[in-house]
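Numbering (my numbering), first residue to last: 12 to 442.
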Amino acid sequence: MEYIPVIILVLSFVSLLLIGVPVAWSIAISSLLTMMVSIPTLPALTTVSQRIGTGLDSFALLAIPFFVLSGQLMNKGGIAHRLIAFAKTLVGALPGGLALINVISAMLMGAIAGSAMASASAMGSILGPEMEKEGYSKEFGAAVNITSSTIGLVIPPSNVLIVYSLASGGVSIAALFLAGYIPGILTGLFLMIVASFWAKKKKYKVGKRSSIKDVVKTFIAAFPSLMLLVVVIGGIVTGIFTATEASAIAVLYTLVLAFWYKEITVKSLPQIFLDSCGTTAIVMLLIGASMSMSWIMSYENIPQDISTLLLGISDNPIVVLLIINLLLLFVGIFMDMTPAVLIFTPIFLPIITKLGMDPVQFGIVMVLNLCIGLCTPPVGSVLFVGVGIANTTIEKVVKPLLPLFVSMIIALFLVTYFPELSLWLPRLFDL
């Protein structure tokens, strides 16, 4: 194994992050420095630039800007209020009712909008003040909002699963989308159980039981929003359209819905488009830079060397998967989800396929694992959004956050070691 390229890649990347260089530029610069070890400067510059460009040359990636735009339209189009009202009639009367409403609403909002940030922002803004009025501590409310907002990245449609499909060399997006449902719902149930016990322990207020009439009324109001999942996922699974085509249909559907709800106007569209472009630009730069790093690691045989090293430690699938999960949990603390998926998929995928693990299952394991990283400092973007909206501090949120973390980790290991949790639905639809 040639250690010099690995040392340069790791040290330069970590050093650039520590001095505050943005993640995308840190990835690109460290990739360039690593390449300069093997070839002269000018060819190294050309190679890295070319790899960034070719990394974005994928039809599947067109789905990301469309899903980002549909998420923005959903976030501004009054969807969150209707989903919260529906969730309130279902679980509002249970112990910790408002916390459970937060989890269910975040799951629905995250699945529809495809963004943990959008979900955390919407749920925190709407439910946060209401939870405080009912006597919930703002720290507990923030902790529930932060952890539950990430579940939508596992439940489709999910941009991160599309990115994993690209990084893995073409794992079926339809299969990944279906595979995310049970793990996502399972994680949400675990969060609800922990939140309910915590609320009961703290003796928070319990809401009134809703009548059947209220349930039906709120369901009808939320039904058009929920139908987006049926249209998008149903169309992909049945083969009516691809994931990229589905993303364009999602934009059209949400645009019509937002105007029908009268929550946005023609005047507000330019700002929504601008916000979507900003988010898309950041994601695409991360993808391009990460793809260049993935290519350079492959050029230097780093994935093969790591594979040999890990399998040399043990050939027991339980032990190797445990090591990979621990490594990904560590990576998630310091790296955002998109570059982590693009960089580490080519490293770990050959290992898990040798162990007989399905690439679809591993995709769900990886995304679920990195979701936990979104809730942890120093790069936990959802953590900072949730804390900022709740007007509290990370130090105060840590205590109620810990048991919720534990529940997410338990769900992660169940999905890791019980393949049917993620593979049953894809197999049912012959994917």
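For glycine and all other residues, C-beta sits at the position ideal for the given N, C-alpha and C. Keep in mind it's a predicted model, so treat the numbers as computed, not measured.
On the DSSP letters alone, give me the boundaries of the alpha helix (DSSP H) that residue i sits inside.
i	result
tyrosine 264	254–272
asparagine 86	74–87
leucine 333	328–345
valine 21	14–29
tryptophan 43	One point to set straight first is that residue 43 is leucine, not tryptophan, in the sequence displayed. Leucine 43 -> alpha helix (DSSP H) spans 34–49.
leucine 105	Looking at the DSSP string, leucine 105 is not in any alpha helix (DSSP H), and its letter there is neither H nor E.
methionine 308	280–310
methionine 348	348–365
valine 59	52–66
aspartate 316	313–324
If you drop the 5 nearest sequence neighbours on each side, which residues of the same chain put their C-beta closer than 8 Å to that of residue i?
i	result
leucine 43	Ala55, Leu56, Val59
valine 378	Leu164, Val165, Ser169, Val171, Leu172, Tyr175, Gly191, Met348, Val352
isoleucine 400	Ala131, Ser132, Gly135, Ser136, Gly139, Ala153, Asn156
threonine 255	Phe70, Ala71, Leu73, Ala74, Phe77
histidine 92	Ile137
glutamate 141	Leu109
valine 182	Tyr175, Ser176, Pro370, Val371, Gly374
isoleucine 30	none
leucine 322	Val331, Ile362, Lys365
phenylalanine 201	Ser418, Met419, Ile421, Ala422
Could you work out which residue in the options is closest to residue i when comparing CA atoms only?
i	options	result
threonine 45	Met419, Ser433, Ala35, Tyr310	Tyr310
glutamine 372	Tyr264, Val165, Lys144	Val165
leucine 413	Ile260, Glu150, Ser258	Glu150
isoleucine 171	Thr100, Gly146, Ala71	Going by the sequence as given, residue 171 is valine instead of isoleucine. Out of Thr100, Gly146, Ala71, Ala71 has the C-alpha closest to the C-alpha of valine 171.
aspartate 347	Ile329, Pro430, Ile293, Pro314	Ile293
threonine 447	Phe341, Asn336, Pro361	Nothing about residue 447 can be read from this structure; the chain reaches only from 12 to 442.
phenylalanine 424	Gly399, Asp441, Ile334	Ile334
tyrosine 264	Leu240, Thr253, Leu285	Leu240
phenylalanine 78	Ile275, Ser258, Ala300	Ser258
proline 350	Ile63, Ile15, Tyr14, Val48	Ile63
alanine 232	Leu67, Leu415, Gly31, Phe97	Phe97
glycine 367	Leu394, Val396, Ala401, Pro328	Pro328
lysine 407	Ser148, Val182, Val243	Ser148
isoleucine 196	Ile184, Arg438, Ser433, Ala153	Ser433
serine 236	Leu332, Gly89, Ile223, Thr253	Gly89
alanine 39	Gly343, Glu431, Ile362, Ser305	Ser305
isoleucine 332	Leu297, Trp271, Gly199, Pro430	One detail in the question is off: residue 332 reads as leucine in this sequence, not isoleucine. For the residues Leu297, Trp271, Gly199, Pro430, the minimum Cα distance to leucine 332 belongs to Pro430.
phenylalanine 234	Tyr272, Phe416, Phe201	Tyr272
methionine 496	Gly250, Ile421, Ile260, Asn312	Residue numbering for the chain in the displayed model covers 12 to 442; residue 496 lies beyond these limits and cannot be assessed.
alanine 117	Thr161, Thr404, Ser81	Thr161
phenylalanine 355	Met308, Cys382, Ile383	Met308
alanine 127	Leu266, Pro167, Pro51, Val342	Pro167
glutamate 274	Asn86, Phe341, Leu415, Thr403	Asn86
leucine 297	Thr100, Val34, Lys99	Val34
leucine 101	Ile204, Thr65, Ile223	Ile223
glutamate 143	Phe440, Asn402, Lys410	Asn402
serine 303	Val32, Pro51, Leu67, Ile324	Leu67
Excluding five sequence neighbours on each side, which residues of the same chain lie with their C-beta closer than 7 Å to the C-beta of residue i?
i	result
isoleucine 317	Ile358
leucine 177	Ser69, Ala71, Leu72
asparagine 113	Met134, Leu138, Val155, Asn156, Ser159
leucine 20	Ser41, Thr45
valine 48	Ile15, Pro16, Ile19
glutamine 83	Ile283, Asp286, Ser287
proline 106	Ser207, Ala210, Lys211, Val217
leucine 360	Ser179, Pro370, Phe373
leucine 442	Ser183, Ala185, Ala186, Leu189
phenylalanine 230	Phe97
serine 37	Phe24, Leu27, Leu28
Here's a check: name, in chain order, each residue in its chain whose Cβ is nearer than 6 Å to the Cβ of residue i, leaving out the five neighbours to either side.
i	result
leucine 339	Asn380
leucine 119	Leu94
leucine 394	Ile157, Cys386
threonine 291	Pro76, Val79
serine 23	Ser41, Leu44
phenylalanine 252	Gly246
glycine 384	Gly343, Ile344
methionine 203	Leu111, Val114
valine 243	Pro168, Ala257, Ala261
What runs of the alpha helix (DSSP H), each 4 residues or longer, lie entirely inside the region 376–440? Runs of the alpha helix (DSSP H) inside the region 376–440: 392–401, 405–428, 431–439.
Which ranges does the beta strand (DSSP E) cover as unbroken runs of at least 3 residues, wholly within the region 151–223, from first to last along the chain? Fully enclosed beta strand (DSSP E) runs of 3 or longer: not present.
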